[in-house]
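So the protein lines, in turn, are chains X and P. For the first sequence, the residue numbers in my numbering are 12 to 219. For the second sequence, the residue numbers in my numbering are 12 to 219. Written below as C-alpha cells is the structure these notes are about.
There are 2 protein chains.
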Amino acid sequence: MPPPRQSARDPRSRGRRPAGSGTREAIAAAARAQFGLLGYDRTSMRSVALEAGVDPTLVSHFYGSKQQLFVTVVDLPFDAGAAVGQLLDGPRAGIGRRLADFVLDVLEQPEGRARMTGLVRAAAAEDAAAELVRRRVSTEFLHPLAAGLGVDASEQRAALVASQVVGLVMARYVVRLEPLARLSPEAVAAAVAPTFQRYLTGRDVIAP
Amino acid sequence: MPPPRQSARDPRSRGRRPAGSGTREAIAAAARAQFGLLGYDRTSMRSVALEAGVDPTLVSHFYGSKQQLFVTVVDLPFDAGAAVGQLLDGPRAGIGRRLADFVLDVLEQPEGRARMTGLVRAAAAEDAAAELVRRRVSTEFLHPLAAGLGVDASEQRAALVASQVVGLVMARYVVRLEPLARLSPEAVAAAVAPTFQRYLTGRDVIAP
Numbered sequence: 012m013p014p015p016r017q018s019a020r021d022p023r024s025r026g027r028r029p030a031g032s033g034t035r036e037a038i039a040a041a042a043r044a045q046f047g048l049l050g051y052d053r054t055s056m057r058s059v060a061l062e063a064g065v066d067p068t069l070v071s072h073f074y075g076s077k078q079q080l081f082v083t084v085v086d087l088p089f090d091a092g093a094a095v096g097q098l099l100d101g102p103r104a105g106i107g108r109r110l111a112d113f114v115l116d117v118l119e120q121p122e123g124r125a126r127m128t129g130l131v132r133a134a135a136a137e138d139a140a141a142e143l144v145r146r147r148v149s150t151e152f153l154h155p156l157a158a159g160l161g162v163d164a165s166e167q168r169a170a171l172v173a174s175q176v177v178g179l180v181m182a183r184y185v186v187r188l189e190p191l192a193r194l195s196p197e198a199v200a201a202a203v204a205p206t207f208q209r210y211l212t213g214r215d216v217i218a219p
Numbered sequence: 012m013p014p015p016r017q018s019a020r021d022p023r024s025r026g027r028r029p030a031g032s033g034t035r036e037a038i039a040a041a042a043r044a045q046f047g048l049l050g051y052d053r054t055s056m057r058s059v060a061l062e063a064g065v066d067p068t069l070v071s072h073f074y075g076s077k078q079q080l081f082v083t084v085v086d087l088p089f090d091a092g093a094a095v096g097q098l099l100d101g102p103r104a105g106i107g108r109r110l111a112d113f114v115l116d117v118l119e120q121p122e123g124r125a126r127m128t129g130l131v132r133a134a135a136a137e138d139a140a141a142e143l144v145r146r147r148v149s150t151e152f153l154h155p156l157a158a159g160l161g162v163d164a165s166e167q168r169a170a171l172v173a174s175q176v177v178g179l180v181m182a183r184y185v186v187r188l189e190p191l192a193r194l195s196p197e198a199v200a201a202a203v204a205p206t207f208q209r210y211l212t213g214r215d216v217i218a219p
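Structural data, given as C-alpha cells:
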C-alpha cells in the first residue's frame, strides 16, 4: 500500500497546487478515490480538495456541486461501446461467459474496482447516483449488449444482468461475503456465467 | 401514504413521550423507518429521537451508539430458522422457486422492504452493517438453507444466492432499474428462481 499522501511531505513545506494544468485532473483523481473508498455521503468537496492539495473553491469552480462532481468523475472504468462490440464478437452460446470474464477482469483491477464499488455504494445512498447507475450500467452498456443479441425484452434482460452484477460488486467487494470474497476470479466467473447467459438469451426469463 | 408524523399535531401541544413503557419500542420503530428511508449515514441519534418524539438522551440510554441501535433494530423481517424449515419442506427441484417466492413476498411487504433496503443500503456505507448482512442474511438464513439441502460447498452456494438477493434489492427497490422495478413479483420470482436453484444445487457452480 502506498504511504498516505499527506504524511509523505512536511506539512509546512507542502504548498497547495496552483490552479491550472493538471489541477482539474488531480481533483478528479482525488474525487474518484474518495467516492470509491468513503462512499458518496462521506465524501465532501472539502475532503476532495484536501486530498488533491488544492483550495476548496477550485473544486466548485471546476465541478460545481458534489453531485456534478460525482456524475462527471465516476464513469464506467471502460469504454462501454467498445466493450459491447467486443463481447458480441463470438458465439451466442458463449456470451454469458465472455461477459462474466469481462466483468471480473474489470473488478479485479484496482481502478476498475474503485470506480464500480464507488458507483454502487453511491447508488445505495443517493438518488442522483442511482440515476447514474441506470444510465451508465444499463442504458449505455447492458441494454445495447442485450439489444445486439437480437433478443426480445432486451431491457428486462439487461436489468436482470445488472442486478447480478451489482449484487456481485456488493457481495464480493463491499460486504466481502465469504467464501465469495476469496474465490479466484475464474471460479466466480464460472459460477455467474450461466446466470448471465440465461438472463440474456434464456426463453424462460420472459413471462409468457 | 400516511401524513407525516409531525405535521399531524400542533407542535406547541406536542409533548415529548416520557421514558417508560413503549418508549423503547417507539425508538426502535423510528430508527427502523429512518435507516430504511435515509440509509445508515444520514440517520442520526438525534433524528431518531425527533421522529420518535423522545429526548435524544433516551436513545443513547436505551441503545448506546448508532451502530448498536442499528444492529439491534435492523433484524431480518422474518424468522430465519422458521423460514429455513418451511423452505426445505418440499421437493429439492423446487427449492429455487420456493426461495424466490419467499424473497419476493418479503420484499413486497412495506415493512419487509424497508428493513431489507435499510440493511443493504447500510451495508454499502458501513462496515458494521456489512458484518450484519454477513451474519443475518448468510450465516443465519442462506447458509443453513444450503446446508439443509446436504449439498457440498454450502457456504459458497449461500454467498452466491446472497449476491443475487442483494442485487435484486438494489436493482428493483433502491436503484429502481426499469423494467425490473415495475415487473410483477411473480415475473421477477420466475426470472430469478432458476438462478437460485442452480446456485443451491447445480453441480457446475463449484470449481472442480
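All residues carry an ideal CB built from backbone N, CA and C; glycine is no exception. It should be emphasised that the depicted structure is a prediction, and the values quoted were computed from it without experimental measurement.
For residue 102 (chain X), would you say it is in contact with chain P, using Cβ-to-Cβ distances shorter than 8 angstroms as the test? Translated into positions along the first sequence, residue 102 (chain X) becomes position 91. Taking Cβ atoms only, chain P never reaches closer than 8 angstroms to residue 102 (chain X), which makes this a no.
Return yes when the Cβ of residue 51 (chain P) is within less than 8 angstroms of the Cβ of residue 168 (chain P), no when it is not. Reading the second sequence from its first residue, position 157 is the one you call residue 168 (chain P). Reading the second sequence from its first residue, position 40 is the one you call residue 51 (chain P). No, Cβ-Cβ distance for residue 168 (chain P) and residue 51 (chain P) is not below 8 angstroms.
Would you please state the rounded distance, in angstroms, between the beta carbons of residue 190 (chain X) and residue 170 (chain P)? I believe it to be under 8 angstroms. Your numbering for residue 190 (chain X) matches position 179 in the first sequence. Your numbering for residue 170 (chain P) matches position 159 in the second sequence. Between residue 170 (chain P) and residue 190 (chain X) the Cβ distance is about 6 angstroms, and since that is below 8 angstroms, they are a contact.
Residue 115 (chain P) CB to nearest chain X CB: under 8 angstroms? The residue labelled residue 115 (chain P) in the question sits at position 104 within the second sequence. No, residue 115 (chain P) lies away from the interface with chain X (no Cβ there is under 8 angstroms from its Cβ).
Would residue 44 (chain X) count as contacting chain P if we go by Cβ distances under 8 angstroms? Residue 44 (chain X) sits at position 33 when you count from the first residue of the first sequence. Cβ-Cβ to chain P under 8 angstroms: no for residue 44 (chain X).
Chain P within 8 angstroms of residue 12 (chain X), Cβ atoms only: Translated into positions along the first sequence, residue 12 (chain X) becomes position 1. Because the pLDDT of residue 12 (chain X) is 42, which lies under 50, any placement of that residue in the model is unreliable, and the question is left without a value.
Excluding the 5 residues preceding and the 5 following residue 188 (chain P) in the sequence, name in chain order all residues of the same chain whose CB lies nearer than 7 angstroms to its CB. Counting from 1 along the second sequence, the entry for residue 188 (chain P) is found at position 177. These residues qualify, in order along the chain: 182.
Inter-stretch contact at 8 angstroms, needing at least 3 Cβ pairs: the region 65 to 79 of chain P / the region 59 to 66 of chain X: no
Output yes if chain X places a C-beta closer than 8 angstroms to the C-beta of residue 182 (chain P); else output no. Within the second sequence, residue 182 (chain P) is the residue found at index 171, counting from 1. Yes, residue 182 (chain P) lies at the interface with chain X (some Cβ there is under 8 angstroms from its Cβ).
Contact set between residue 173 (chain X) and chain P, taken where Cβ atoms lie within less than 7 angstroms: Against the first sequence, residue 173 (chain X) aligns to sequence position 162. Result: 182, 188.
Residue-chain proximity (residue 15 (chain P), chain X), Cβ-Cβ < 8 angstroms: Taking the second sequence and counting its residues from 1, one reaches residue 15 (chain P) at position 4. Bear in mind that a pLDDT of 41 at residue 15 (chain P), under 50, signals an unreliable position, so the model cannot answer this.
Determine the chain X residues that contact residue 185 (chain P) at a beta-carbon separation under 8 angstroms, and present them in chain order. Along the second sequence, read from residue 1 onward, the residue named residue 185 (chain P) stands at position 174. By Cβ distance, chain X contributes 134, 135, 141.
What three-state label does DSSP hand residue 212 (chain X) in the structure shown? Counted from its first residue, the first sequence places residue 212 (chain X) at position 201. Reduced to three states, the DSSP call for residue 212 (chain X) is helix.
Closer than 6 angstroms by C-beta to residue 15 (chain X): which residues in its own chain qualify, once you throw out the five before and the five after it? Chain order, please. Your numbering for residue 15 (chain X) matches position 4 in the first sequence. Here residue 15 (chain X) scores only 41 on pLDDT, less than 50, and its place in the model should not be relied on; the value that follows carries that caveat. Cβ within range, chain order: n/a, list empty.
Which residues in chain P have a C-beta closer than 7 angstroms to the C-beta of residue 216 (chain X)? List them in chain order. Walking along the first sequence from the start, residue 216 (chain X) turns up at place 205. Within 7 angstroms Cβ-Cβ: 202.
What do you reckon, are the CB atoms on residue 115 (chain X) and residue 98 (chain X) nearer than 8 angstroms? Here residue 115 (chain X) refers to the residue found at position 104 of the first sequence. Here residue 98 (chain X) refers to the residue found at position 87 of the first sequence. No.
Under 8 angstroms between beta-carbons, which chain X residues line up against residue 166 (chain P)? List them in chain order, please. The count along the second sequence starts at 1 and reaches residue 166 (chain P) at position 155. Within chain X, the residues near residue 166 (chain P) are 189, 190.
For the region 84 to 162 of chain P, list the alpha helix (DSSP H) runs that are entirely contained and at least 4 residues long, ordered along the chain. 91 to 99, 106 to 118, 121 to 136, 138 to 144, 154 to 159
Assuming the contact rule is C-beta atoms closer than 8 angstroms, residue 148 (chain P) and residue 125 (chain P) should be a hit. Round their C-beta distance to whole Å, please. Taking the second sequence and counting its residues from 1, one reaches residue 148 (chain P) at position 137. Taking the second sequence and counting its residues from 1, one reaches residue 125 (chain P) at position 114. With 8 angstroms as the limit, residue 148 (chain P) and residue 125 (chain P) do not qualify as a contact, their Cβ atoms being about 16 angstroms apart.
On the three-state DSSP scale, how would you describe residue 24 (chain X)? Here residue 24 (chain X) is taken as the residue at index 13 of the first sequence, counted from 1. Confidence is the limiting factor: at residue 24 (chain X) the pLDDT is only 40, short of 50, which leaves the residue's position unreliable, though a coordinate-based value still follows. Residue 24 (chain X) falls in the coil class under three-state DSSP.
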